[in-house]
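The working numbering applies: residue 13 is where the sequence shown begins, and numbers increase by one.
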Amino acid sequence: MVDTHVLILAAGMGTRMKSAFPKVLHRVAGRPMIEYALRAISALNVASTTV
Numbered sequence: 013m014v015d016t017h018v019l020i021l022a023a024g025m026g027t028r029m030k031s032a033f034p035k036v037l038h039r040v041a042g043r044p045m046i047e048y049a050l051r052a053i054s055a056l057n058v059a060s061t062t063v
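1) Buried or exposed: which applies to V58, given that a residue is buried once 16 or more other Cβ atoms fall within 10 Å of its Cβ?
2) Would V36 be called buried (16 or more neighbouring beta carbons within 10 Å of its own) or exposed?
3) Kindly list the residues whose CB is nearer than 8 Å to the CB of T62, restricted to its own chain and excluding five residues on each side of it in sequence; keep chain order.
4) Helix, strand or coil, according to DSSP, for L21 in the structure here?
5) State the Cα-Cα distance for the pair E47 and S60, rounded to the nearest angstrom.
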């Protein structure tokens, strides 16, 4: 069986959002955006996750 690796692209600084925070840390429905991706990945059987 082949190992599955996940790569999350999270390079945006959020300057168009007029914020000092990176985009992935902005809250959507009370949670940082990155959390949605990480929760989805946690349900999978992956060998590694890189952000």
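Here a beta-carbon is modelled for each residue, glycine too, at the ideal position from N, C-alpha and C. Please read these numbers as outputs of a predicted model, since none were measured by experiment.
Result, derived from the coordinates:
1) exposed
2) buried
3) Excluding residues within five positions, the ones whose Cβ falls inside 8 Å are H17, V18, L19 and I20.
4) coil
5) 16 Å
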